[in-house]
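>
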Amino acid sequence: MFLKNIRMIGVLRLGHRVRRDKRISTHVFLTARALGANFGVFTGDEDDNIINSLAETARIWGGSFKVEYSGNYVNTINEFKNKGFKIVHLTMYGLPIKDKISELKCFKDILLIVGGAKVPREVYTLSDYNISVGFQPHSEVAALAIFLHEYYEGKELDIKFPEARLVVEPQEKGKKVLKCF
Ligand code: SAM
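FYI, our numbering numbers position 36 of the sequence shown as 82, with every residue one higher than the one before it.
1. Is any heavy atom of the ligand SAM found at a distance shorter than 7 Å from the C-beta of Thr77?
2. Return the Cβ separation of Val134 and Ile106 in integer angstroms, given the expectation that the two are a contact with Cβ distance under 8 Å.
3. Starting from the C-beta of Glu223, find all residues in its chain whose C-beta is less than 6 Å away, skip the five residues before and the five after it, and write them out in chain order.
4. Whole angstroms are fine: how far does the CA of Tyr115 sit from the CA of Thr77?
5. In the DSSP assignment, the beta strand (DSSP E) including Asn176 goes from what residue to what residue?
6. Pull up the CB-CB distance for Phe193 and Leu141, whole angstroms please, since I reckon it's below 8 Å.
7. Just to confirm, does Phe88 get its C-beta within under 7 Å of one of the non-hydrogen atoms of the ligand SAM?
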């Protein structure tokens, strides 16, 4: 069984640019939700489309994942630190995930940070951990997905969302979706 409710994982996406990042910022949060994170925050340009898109996803597919906008990443990081969250910044320059994941699994409340364009130096110092998923540049979505997969040891793939209106029934071929209410 997937014990999601005993952990609180948030994802802070830095530096959203409304024109360039519309799809990828939404994909960051869709991935976060689907793979066991509980909430999202983004900085940069304000963009209601992201907030509305995730609200609509949760309305149809269940769960309570919510996204908020923050005008100041330093305040947001400090706010979560004060609540007892560990701050984990995903960056190709950090320490290897394989060396640190056992330690990170001990923490129940984590704020994961992913960047977009250049990440301010301050983020590296404010974070409790800077963690790399390989040492090549790739994507915030890939880094997040692999982190959550390692953190949850694959249990996130069995996640069930409460109050889902639609639930997929897996098929060898074709599509089957059950309407729940
Ligand atoms: N130079 C950047 C960096 O510091 O990882 C790559 C920029 S990439 C377009 C945007 C975001 O994807 C980064 O800020 C980071 O959060 C994530 N990312 C990309 N490659 C990564 C890697 N190998 N390990 C961890 N995170 C990565």
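All C-beta atoms, glycine included, are put in the ideal place defined by N, C-alpha and C. Only a predicted model underlies this, so the values are computations on that prediction, with no experimental measurement involved.
Reading it off the structure:
1. Not under cutoff, so the answer is no.
2. Between Ile106 and Val134 the Cβ distance is about 30 Å, and since that is not below 8 Å, they are no contact.
3. Here residue 223 is Val; the residue named in the question, Glu, does not match the sequence. Result list for Val223: Leu212 and Val214, in chain order.
4. 18 Å
5. Tyr175 to Ser178
6. No, Phe193 and Leu141 are not in contact; Cβ-Cβ is about 13 Å, not under 8 Å.
7. no
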